[in-house]
Every structure is written in C-alpha cells, then in structure tokens.
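Participant: Here you go, one structure.
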Amino acid sequence: MMKLHPIVALLALSLFPFLHLFPKVVADLSSDRQALLDFASAVSHLRKFKWNINSSICTWHGVSCSSDGSRVVALRLPGIGLYGPIPDNTIGRLNALTTLSLHSNGLTGNLPSNIISLPSLRFIFLQQNEFSGEIPSSLSLQLNFIDLSFNSLSGKIPTTIQNLTRLTGLKLQNNSLTGSIPNVNLPRLTKLNMSNNQLNGSIPPSLAKFPASSFQGNSLLCGQPLTQCPTFALSPSPFPSIPPLPLSLTPPSHSPSVLPSSPTIPEKQNGKKSLSTGAIIGVVAGGVGGILVLAVLIFLCCMKRYYTKTGVQQRKDFNGGGSPKQTEDFSSGVQAAEKNKLVFFEGCSFNFDLEDLLRASAEVLGKGSYGTTYKAILEEGTTVVVKRLKEVVVAKREFDQQMEIIGTVAQHRNVVALRAYYFSKDEKLLIYDHVPAGSLSTRMHGNRDLGRTLDWESRLRIAHGAASGIAHIHAIANGKLIHGNIKSSNVLLINDNSGCISDVGLTPLIGFPTMPSRSAGYRAPEVIETKKCTQKSDVYSFGVLLLELLTGKAPVQPPGHDEVVDLPRWVQSIVREEWTAEVFDAELIKFQNIEDEMVQMLQIAMACITKVPETRPDMIQVVQMIEDIQQAYSGDIPSPEDNKSRSPSSPTP
C-alpha cells in the first residue's frame, strides 16, 4: 500500500472539511444559470437578450454575482421590451437574489409571490409595468426598498408591511389600490408615495411626517398632512344657555295649519306656542351662516376689484436704466379699461402694477432667441424677473390662452412660476419669480476657479428636478403641451441644487427662430428638418442636457473653441470605440465609486438622443430611471453597516 508523504497527508487532512463545499458552489451557480436560461426562453420580449451562453453568467448583461462568484445576486433588465407575465419557476429559483429590477417593461399578470418573498431579496423595482391583482402578503423581511408604482395593482395594502423593519422606501403611486392605509411604524422609512390610488380613511399618525404629495390623488383620504378628517360624533347643543323664545305659531284663519303635532312643541300657553330649543338653535345658526356668507361675498368682490385695477399707460426699455420713456398711445382697438393691465395669476402674492414695474431699476440677465431677460427690483424691494418677448407671431386672444396654460404648468416645484404678463401692440412682458442661484449653464461653464464645480450628487439632483419639471409639462393640456427650448441656460438652480425649468410654452408664441442660437445644439434632427417641436424632441433635448452634465462640455462651443462640434455625435463615437471612460467630465472622475451610476446615466442619455423619435422614452420613464440611480447612490442603499465600499453586488436598479 502506497504511503503519503507526511506533509501531503497533513495538507489533505486540513482541506478535507472544505472539500464538500466546492461541488455545492458549482451546483448553485449552475442552478442559477439554468433558472436564467429558463426565464429568457419563456418570457416574451421584443429584443434578444445579450447573453453569451458560452461565457460565465456573471458577465451576462444585467446579471451580477456575489463577490466570490458563487451566486447570482442581482438581475437588472429595465426597459428592454419584456411583456406578458413572468414565467413560473424561473426567477423564483434565484434564492440568493438581493436586487430585482424589471421596471419600464410591459410585464402583466399578478406579482409572483414566490419572487417577492425570496428571503434574500432587499431591493425590488417593478414600476412602469402593467401588473394587476393584489400585492402578495408574503414579503421578504430583508426588503429595503419596494417600487411597484405605475402599474394596475388593486386591493388593499397588505398589513404585513409592518413587519419590514428594514424598509427605507415604499412607492405605490399610480395604481388602483383601495381600503385604508395600514398603521405602520417603520423607523427607517424615509421615502413614501401612495398618491393617485383609491385609498380611503385617515392617514396613520406615524406617516403624517411625509409631505402631502405622498398621499394626493386619493379623494377619500384625510388626516395630516392632508385635510383634517371630519368628525361625526353627536355633541350637546352649542347654545345650552339660550332659553326657548315664545313665538306665535297660530296660522292665518283662512289657511289650515301646516305644523303637525310634535312632542317637541309645548302645549298652548295663553293661546300661544313656543319653539323648542332645537328650533331656536336652527334659527340662530341660520342667521350666523347668512352673515358669514355675506361677509365672504363682500370680501371676494373687494379682491376682484383689487386685482382688476389698471395702471397708467407707460412703457420702459429694460436696458439697465431707471427712467421711463414717453407715454405712447397703443391704439389697438381694445377698450381703455383693458389697456396696460398686468394680468396676475391666481395665488400670486405680488402687490404692484404696471407703473410700479416701469419705475423699477433693471439689470440684463441674458439675451436669447425668444427675447431679453432682466432682473427688476421694485421700489418696495420686491425682485422679479421680466422677460421681454420679441417677434411674437400670435394675436392677443391666442396669447392669453397660452398664458392660461403656462400659468397652470407653473404650479410645480420644478417649473419656474409665471406670476403675471402684459400684452400690448408693442410690448409683451412676462413676470417670473426670481431664482437667485442662476442657471445650470452659468454654474457649469462659468469660472470654475470660483468653486463652481458640481459634484455627482448635485448633478443627479439637477437632472432629476429638470426631468420632473419636463414630465409635468408634458402631462398638461391632455399631453399636448411641449417646452420646445430645453437647454442648460433654461435650467435654473433652486436652493437644494435641484433643477427648475424656465421659459415654458413660449415656442408657439414665437415660432421657429431663423437665426442660429445657443439652443441649436439641443435640437433634435427632425426639428431641424421640419421646424416643428414635439414632446419627443423635448426628450432629445433633455438627453443632450444629460450629456452636458456627464461630459462637462457645452453642446454649442463659443467662437474659437472647436473641441466638440456636435456633442451627441462625439459621445456616440467614443462609446462605439468602447472608450466610455473618456466621455466623463474630469471633475467627476475625482469622485470614488460612482462609475456604475455614471454609466447608467449615460445609457439614459443615449436612449433619449436616438434618431427615431418613437424609440425615445417618455419623460415620466426618464424620471423613474433617474430616481433608480438616486436610490442606488443614496446613503440608504446599501447602508454603511452592510458595505464599507461599493461592490458588484451593490443594488443598482
């Protein structure tokens, strides 16, 4: 019998306890591989999976493995044309899965309970599909983030959500959920949205800390932060000290009595009847109500007269000077009472008229293809922005109609509010809120030595804010409104470095500019050919804006700068040569562990600037995709306790 060398024998004995693990690792990875292949072959899809079956599954598109390469821990296939139900017994077999992202597809049917109950599952992104039925009550206790928004889910929100103590985000908006909101108390929950469902009842006190936007669109929902819930408990009479007053109830002799006998009406005393306490209360309450209604009517009349007052006919050239020009007679055929009136929108708190505006000192902020913009400081200290339009091609009626639409659009955090406007034969002025932080263009392409560099988190917030504003614009007027002039100088920065869209809805008033301008580099190919803007051309312009954020380069270079002639074409050429790292702004490369997020943002931009308009995503989809990147980048995902550094298994939707 052959004897082993003592050292070899010792090594064999030391490894023996671990030998049984190797077949298990291979078996687990093989099982995951087969589950993914079964999913790919059974699910309906518009485009082929980019999976090379001859290579390791850890290199497949959308598939991430654990650090030791033993299990599949993430599956991310957003917006690749999947449709129909998720095949049974496929993804549910990936029992080491921590992240599932299948959003922005056309998946239907019920949510598979065997998937969302996977014990390892932490992040699930299934928004922007067509799932129906109820949310299963069996949920993984490890879940950190759930996004099931923009589907067709119905039924009640499962009470088992209360058990998800690690949950940091829950997004269920834009479904058909019914019933009341469970009384949950989740200490880590920081993001919540249940808006636009059919929920009813009162909002649990533990959720009152979230903004009203988290619950709006549920007409039967009440409580903080929405309106106070009505109380229906019976209470004693509010006027217990008022005694019944004796009133004559004797009917005329020629008319029969119309008062039936009632135990609440006392018997006749000296030929007269007395009203009960309830009747007196009704009389008093009616009188008080009548007085209140009258007071409200008087107040409304006064307010109407206040906001319809007119100023003196004057005009001023906003060129930085402070003196008004000669009074002019704009004989446009309108009645004198309608001349020279600043038209304020509902909710505007400004207290000035045209004469006050013309006396204000003004400073030129910029000149564009639509007109010149000024910062005007009124005598009482109010600062506004005035845009003086040039070459308006519509009559007053069409102008007023467009202003009404724009005034509605501005009721959004990420759209610069239009507060008032003025129309005459020779002048068309728009009055906006003043945003002191300035524009994205100035911040990015100004003097970087002054500390103007934007970090990655700021660029994410700017992109998300601008996308949210444009998505809101596209939802107005039955989806027929466009912006038409999206560029970095029209993205203003509000307090938290979020992007805010300005110059909304001016394209129909001005028409297509014939001279080249700084907006030319943002225009979609079809706009250059047809001179017509659409919502899809807005998406293209936003895609160019994303490239500007990622590369740090302006789409249109100033004279003498030939570095980039056409930013989209330049980026596409770099990506084709697989030199993607050369695309990104050198200022971004300084930040650690953001490569994955930058590549994902680049993919969104590339989808927006495709030549065929129909293949570009809608802005609401773009918002969702940017939110996914934000969620992956935020401090909650993953938590510092879970990961000291970003790894391939980090949850990226």
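Numbering (mature numbering (1 follows the signal peptide of the UniProt record, and there is no 0)) for the sequence shown: -27 to -1, 1 to 626. The beta carbon of each residue, even a glycine, is placed where N, CA and C say it ideally should be.
1. For a minimum of 4 consecutive residues, which ranges assigned as the alpha helix (DSSP H) are wholly contained in the stretch 457 to 514?
2. Rounded to the nearest angstrom, how far is the Cβ of residue 77 from that of residue 104, given a contact under 8 Å?
3. Apart from the five residues on each side of it in sequence, which residues of its chain come closer than 6 Å, Cβ to Cβ, to residue 414?
4. For residue 202, count the other beta carbons within 10 Å of its own beta carbon; 16 or more makes it buried, fewer makes it exposed. Which is it?
5. So residue 473 and residue 389 are in contact, right, with Cβ under 8 Å, and what is the actual spacing, rounded?
6. Find out if the Cβ-Cβ distance for the pair residue 410, residue 459 is shorter than 8 Å.
7. State yes or no: is the C-beta of residue 133 within less than 8 Å of the C-beta of residue 112?
8. Might you give, ordered along the chain, the residues of its own chain that have their beta carbon closer than 7 Å to the beta carbon of residue -5, omitting 5 neighbours on each side?
9. Looking at C-alpha atoms only, which residue of 580, 137, 398 is the closest neighbour of residue 518?
10. Please name the residue or residues paired with residue 152 in a DSSP beta bridge.
11. Identify every run of the beta strand (DSSP E) within the stretch 384 to 464, keeping only runs that are complete inside it and at least 3 residues long; order them along the chain.
12. For residue 372, which residues in the same chain have their Cβ closer than 6 Å to its Cβ, ignoring the five residues on either side in sequence?
13. Pick helix, strand or coil for residue 190, following the three-state DSSP scheme.
14. Look at the Cβ atom of residue 87, then the Cβ atom of residue 65, and state whether they are nearer than 8 Å.
15. Taking Cβ to Cβ, would you say residue 32 is nearer than 8 Å to residue 47?
16. Are residue 432 and residue 522 close, meaning C-beta to C-beta below 8 Å?
17. For the beta strand (DSSP E) containing residue 45, name the first residue and the last one.
18. Can you give me the C-alpha to C-alpha distance between residue 500 and residue 510, rounded to a whole angstrom?
19. Roughly how many angstroms separate the alpha carbons of residue 506 and residue 584, rounded to a whole number?
20. Tell me which residue opens and which closes the beta strand (DSSP E) that residue 57 is part of.
21. Are the Cβ atoms of residue 664 and residue 8 separated by less than 8 Å?
22. If you measure between the beta carbons of residue 475 and residue 482, is that distance less than 8 Å?
23. Report the three-state DSSP secondary structure of residue 585 (helix, strand or coil).
24. Count the C-beta pairs between the stretch 560 to 577 and the stretch 398 to 409 that are closer than 8 Å, then say yes if the count reaches three, no if not.
25. Is the beta carbon of residue 51 sitting closer than 8 Å to the one on residue 81?
26. Am I right that residue 176 and residue 194 are in contact with their C-beta atoms under 8 Å? What's the rounded C-beta distance?
27. Using alpha carbons as the reference points, say which of 444, 601, 455, 516 lies closest to residue 592.
28. According to the Cβ coordinates, are residue 100 and residue 121 closer than 8 Å?
29. Residue 606 to residue 327, Cα distance in whole Å?
30. Locate the beta strand (DSSP E) running through residue 347, then write down its first and last residues.
31. Nearest to residue 369 by CA position, among 339, 344, 316, 417, is which residue?
32. Return the CA-CA distance between residue 702 and residue 162, expressed in angstroms with no decimal places.
33. Might you give, ordered along the chain, the residues of its own chain that have their beta carbon closer than 7 Å to the beta carbon of residue 440, omitting 5 neighbours on each side?
34. Between the C-alpha atoms of residue 287 and residue 419, what's the straight-line distance to the nearest angstrom?
35. Who does residue 72 pair with in a DSSP beta bridge?
Facilitator: Reading off the structure:
1. 480 to 483, 498 to 503
2. The Cβ separation is near 13 Å, so there is no contact.
3. 461, 462
4. exposed
5. 6 Å
6. no
7. yes
8. Because the pLDDT at residue -5 is just 41, under 50, the model does not fix this residue reliably, and the value given afterwards should be weighed accordingly. Closer than 7 Å at the Cβ level, and outside the excluded window around residue -5, lies no residue.
9. 580
10. 172
11. 391 to 396, 401 to 406
12. 396
13. coil
14. yes
15. no
16. yes
17. 45 to 49
18. 7 Å
19. 14 Å
20. 55 to 57
21. Because the chain here runs from -27 to 626, residue 664 falls outside it and cannot be looked at.
22. no
23. coil
24. no
25. no
26. 6 Å
27. 444
28. yes
29. 48 Å
30. 344 to 350
31. 316
32. Nothing can be reported for residue 702: it is not among the residues displayed for the chain, which extend from -27 to 626.
33. 515, 592, 595, 596, 599
34. Residue placement at residue 287 cannot be trusted, given a pLDDT of 35 that sits under 50; what the coordinates show is reported in the next sentence. Cα to Cα, residue 287 sits roughly 37 Å from residue 419.
35. 47, 96
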